[in-house]
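Residues are numbered in the numbering used here as their position in the sequence shown, beginning at 1, plus a constant of 165.
Everything on this sheet refers to the single structure shown next.
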Amino acid sequence: MSSSAAAKIAPTSSWKDLATRYNAAWNAHDVAAIMAFHTDDTSYQRHGSPKVY
Numbered sequence: 166m167s168s169s170a171a172a173k174i175a176p177t178s179s180w181k182d183l184a185t186r187y188n189a190a191w192n193a194h195d196v197a198a199i200m201a202f203h204t205d206d207t208s209y210q211r212h213g214s215p216k217v218y
């Protein structure tokens, strides 16, 4: 993760906390919060679907 991406996300103490925060952003349809978890070179793919570019 780049230092700029890491600066967007508060440090987490566990993977469960990270997953909980990501899930909350996803369920809230908060694109900015979701993108804060990713780097600029992230490739998103839904399971069972063709790769999205």
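By construction, the Cβ of each residue, glycine as well, lies at the ideal position given by its N, Cα and C atoms.
Given the structure is predicted, the values throughout are model-derived calculations rather than measurements.
Residue i, enclosing alpha helix (DSSP H) - first and last residue
i, result
"residue 185", "180-192"
"residue 201", "Taken as a continuous stretch (DSSP letters only), residue 201 belongs to no alpha helix (DSSP H), as it is neither H nor E."
Alpha-carbon to alpha-carbon, residue j and residue i
i, j, result
"residue 203", "residue 195", "13 angstroms"
"residue 210", "residue 183", "19 angstroms"
"residue 190", "residue 199", "6 angstroms"
"residue 201", "residue 185", "14 angstroms"
"residue 212", "residue 206", "19 angstroms"
"residue 188", "residue 208", "18 angstroms"
"residue 192", "residue 179", "20 angstroms"
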